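This report concerns only the one structure given below.
Protein chains in written order, with our numbering: chain A, 15 to 399; chain B, 101 to 280.
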């Protein structure tokens, strides 16, 4: 080969190595060390918290934050023993998580706290010690709540003596404990009031002072026939009205007024024919409501009596004004918990304690959009940020 | 308008709680149970089903009278259970696995025994003090009621009533009587 040809061949080889070889132009630059993601200051309307009670690993409760639009997991909180759910104040700056720890994992001294997490960094920024009495139960709405102005955090206790722990979120201190003997759970009705449901079907209405101590307690007459057709305690709220479904599929609206909580006329979720076909509501968080449009979403299945916790493969959508069923959404998988985002183009989220996936649908059309896999062990309650 | 009455708590609940807590501070659990058991036995006071968690165990009746496999969810006594079956965890339908503590209070179900046609009251005492057994998970809800009816609800962790605390391990299914 002549000198000229050799020179051209060498140049071609060098070019080829640059373009195609492992040390070519596409080389990845060195990356910075120790980078930790941070979330935006305001949550997006299609984010959802998936709370995991970790029933097969009770000391290791978790809460996963998921973006419903992309299906991406955005972050996680590690939330201790027998975890129920995170609580999100309207400002969105922090996240509250009632947590339980034992000094030796599953034994030793029990320590109950409300951990305060920064909502952008998802790391603890405060801790409020509370009495070691928080109810250990199947997570569901009603186990804990914020008052309407987010000032006080209410936590249901069961030792098995029943009471409610009150925490002041301003001073970040435990305020006190209010007895609710014979009555369970917490359903806020205003900035200083909530009700609990009693074993005889009455409601216990509790009013707080501005300091979070007990101002007044009143017990209503028996509003629920607990022997014939008890209400599932998994209620949802739209404005001043809590909505509960009975085991036999009767919807009970309970409206908060200045004079207390009043039972509004009930209406059936199922026709006599549908009841005869054994249609029932069921699941762990079987109702959701889209506030602006007044649509109620209910997980349903065919099973009859004794199946009030069974998941379903359909979501029936009702118009709260006309009480008419307006839509049926057939789900991709069995689900027991649902939640609906509150924006004008809402998403419907669904999961089941029996699997660890989150299914996402267009809540208006009912169209299946995507599934997010492997979210913990036993996901329970879905919470909007 | 709904009738309302001022609420002052349940005086009986408050009295029993005060007594129990006071007693718990002064007396060991074992001697307390022994003394109370002796008292109830000699006076013939009827026991509530939910308070029978610490009664002594008895041998399981003949299989013909008590049909089915206690290690399966379909076994008749499991009609309202929710948890890991102790029979799969080193215990049995009526006993806790070694090293755990039986909760003294619990929820009850009413289950139909296909062998003799009777309905039995079944006490689902949890066994406590260790992490979950993790075997034979079973959830059936015949007659189960919401959380506001605690002694008929299987959604509570009944280890809340045990000395070792709320560490839940598994659930038993003890017959405590025939339902009338």
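Positions of the beta carbon are idealized from the N, C-alpha and C atoms, including for glycine.
Because the structure is a prediction, the values reported are computed rather than measured.
Inter-residue Cα distance where the pair is residue i and residue j
i, j, result
"residue 198 (chain B)", "residue 275 (chain B)", "21 Å"
"residue 280 (chain A)", "residue 309 (chain A)", "16 Å"
"residue 254 (chain B)", "residue 75 (chain A)", "20 Å"
"residue 239 (chain A)", "residue 56 (chain A)", "44 Å"
"residue 399 (chain A)", "residue 63 (chain A)", "7 Å"
"residue 84 (chain A)", "residue 98 (chain A)", "26 Å"
"residue 181 (chain A)", "residue 189 (chain A)", "5 Å"
"residue 209 (chain B)", "residue 224 (chain B)", "8 Å"
"residue 372 (chain A)", "residue 297 (chain A)", "15 Å"
"residue 145 (chain A)", "residue 214 (chain A)", "27 Å"
"residue 245 (chain B)", "residue 184 (chain A)", "37 Å"
"residue 108 (chain A)", "residue 65 (chain A)", "16 Å"
"residue 201 (chain A)", "residue 163 (chain B)", "47 Å"
"residue 341 (chain A)", "residue 312 (chain A)", "11 Å"
"residue 166 (chain A)", "residue 335 (chain A)", "32 Å"
"residue 350 (chain A)", "residue 116 (chain A)", "30 Å"
"residue 86 (chain A)", "residue 378 (chain A)", "22 Å"
"residue 294 (chain A)", "residue 348 (chain A)", "14 Å"
"residue 118 (chain A)", "residue 127 (chain A)", "16 Å"
"residue 171 (chain B)", "residue 339 (chain A)", "43 Å"
"residue 278 (chain A)", "residue 258 (chain A)", "11 Å"
"residue 123 (chain B)", "residue 386 (chain A)", "Only weak support is given to the placement of residue 123 (chain B): the predicted model assigns it a pLDDT of 41, under 50, and the question is left unresolved by the model."
"residue 8 (chain A)", "residue 345 (chain A)", "As displayed, chain A neither begins before 15 nor continues past 399, which places residue 8 (chain A) out of reach and without an answer."
"residue 198 (chain A)", "residue 170 (chain A)", "7 Å"
"residue 119 (chain B)", "residue 195 (chain A)", "Note that residue 119 (chain B) has pLDDT 45, beneath the 50 cutoff, so the model's placement of it is unreliable and the number below is only indicative. For residue 119 (chain B) and residue 195 (chain A), the distance between alpha carbons rounds to 16 Å."
"residue 194 (chain B)", "residue 203 (chain A)", "44 Å"
"residue 122 (chain A)", "residue 211 (chain A)", "33 Å"
"residue 376 (chain A)", "residue 183 (chain B)", "35 Å"
"residue 381 (chain A)", "residue 229 (chain B)", "46 Å"
"residue 209 (chain A)", "residue 130 (chain A)", "25 Å"
"residue 262 (chain A)", "residue 142 (chain A)", "41 Å"
"residue 177 (chain A)", "residue 191 (chain A)", "7 Å"
"residue 40 (chain A)", "residue 47 (chain A)", "21 Å"
"residue 276 (chain A)", "residue 383 (chain A)", "39 Å"
"residue 200 (chain B)", "residue 135 (chain A)", "40 Å"
"residue 111 (chain A)", "residue 316 (chain A)", "35 Å"
"residue 269 (chain A)", "residue 186 (chain B)", "44 Å"
"residue 402 (chain A)", "residue 175 (chain B)", "Outside the shown range of chain A, which is 15 to 399, sits residue 402 (chain A), and nothing can be said about it."
"residue 218 (chain B)", "residue 291 (chain A)", "29 Å"
"residue 202 (chain B)", "residue 196 (chain B)", "6 Å"
Nearest-angstrom Cβ-Cβ length linking residue i and residue j, presumed shorter than 8 Å
i, j, result
"residue 88 (chain A)", "residue 81 (chain A)", "6 Å"
"residue 226 (chain B)", "residue 271 (chain B)", "5 Å"
"residue 261 (chain B)", "residue 174 (chain A)", "6 Å"
"residue 151 (chain A)", "residue 157 (chain A)", "6 Å"
"residue 113 (chain A)", "residue 94 (chain A)", "4 Å"
"residue 301 (chain A)", "residue 264 (chain A)", "That belief does not hold up - the Cβ atoms of residue 301 (chain A) and residue 264 (chain A) are roughly 13 Å apart, past 8 Å."
"residue 323 (chain A)", "residue 241 (chain B)", "5 Å"
"residue 221 (chain B)", "residue 277 (chain B)", "5 Å"
"residue 267 (chain B)", "residue 120 (chain A)", "4 Å"
"residue 284 (chain A)", "residue 234 (chain B)", "Between residue 234 (chain B) and residue 284 (chain A) the Cβ distance is about 37 Å, and since that is not below 8 Å, they are no contact."
"residue 216 (chain A)", "residue 229 (chain A)", "Residue 216 (chain A) to residue 229 (chain A), Cβ: 19 Å. No contact."
"residue 72 (chain A)", "residue 96 (chain A)", "6 Å"
"residue 396 (chain A)", "residue 353 (chain A)", "4 Å"
Proximity test, residue i beta-carbon vs the ligand HEM heavy atom, cut-off 6 Å
i, result
"residue 86 (chain A)", "Annotation note on the ligand HEM: not contained in the displayed structure, which lists no ligands."
Say whether the segment 387-394 of chain A touches the segment 321-329 of chain A, bearing in mind that this needs 3 or more beta-carbon pairs closer than 8 Å, one atom from each stretch. no
Beta carbons nearer than 8 Å to chain B: which residues of the segment 232-247 of chain A have them? 232, 233, 234, 235, 237, 240, 244, 245, 246, 247
Residues, ordered as in the chain, of the segment 280-306 of chain A that lie near chain B by beta-carbon distance below 8 Å: none
For the segment 256-271 of chain B against the segment 199-208 of chain B, are there 3 or more C-beta pairs whose distance is under 8 Å? yes
Output needed in chain order: residues of the segment 208-219 of chain A with a Cβ under 8 Å from some Cβ in chain B. 210, 211, 212, 213, 218, 219
Completely contained alpha helix (DSSP H) runs for the segment 74-160 of chain A, where each covers 4 or more residues: none
Just checking, does the segment 41-53 of chain A make contact with the segment 354-370 of chain A on the three C-beta pairs under 8 Å criterion? no
Where the segment 179-207 of chain A meets chain B: residues whose CB sits under 7 Å from a CB there: 193, 195, 196, 197, 198, 199
Touching or not, the segment 235-252 of chain B and the segment 244-254 of chain A, by the rule of three or more beta carbon pairs under 8 Å? yes
Jot down the residue ranges of each uninterrupted beta strand (DSSP E) in the segment 162-197 of chain B, minimum 3 residues, whole runs only, in chain order. 182-184
Compile a chain-ordered list of the residues in the segment 149-167 of chain A whose CB is closer than 9 Å to at least one CB of chain B. 149, 150, 151, 152, 154, 156, 157
Near-chain B residues of the segment 49-79 of chain A - C-beta to any C-beta below 9 Å: 69, 70, 71, 72, 73
If we require 4 or more residues per run, which alpha helix (DSSP H) segments fall completely within the segment 179-208 of chain A? none
Please go through the segment 313-354 of chain A and give each complete beta strand (DSSP E) segment of 3 or more residues, from N-terminal end onward. 326-333, 339-349, 351-354
Residues, ordered as in the chain, of the segment 229-248 of chain B that lie near chain A by beta-carbon distance below 9 Å: 229, 230, 231, 232, 234, 237, 239, 240, 241, 242, 243, 244, 245, 246, 247, 248
Pull out every residue of the segment 323-342 of chain A whose Cβ sits closer than 9 Å to any Cβ of chain B, in chain order. 323, 324
Can you list the alpha helix (DSSP H) stretches of 4 or more residues lying completely in the segment 264-318 of chain A, in chain order? 286-290
Uninterrupted beta strand (DSSP E) stretches inside the segment 224-253 of chain B (no shorter than 3 residues): 226-228, 237-239
Counting only Cβ-Cβ distances shorter than 7 Å, please list the residues of the segment 88-101 of chain A near chain B, keeping chain order. 96
Using a Cβ-Cβ cut-off of less than 7 Å, list which residues of the segment 174-189 of chain B approach chain A; keep chain order. none
Between the segment 207-223 of chain B and chain A, which residues of the former have CB atoms less than 8 Å from a CB of the latter, in chain order? none
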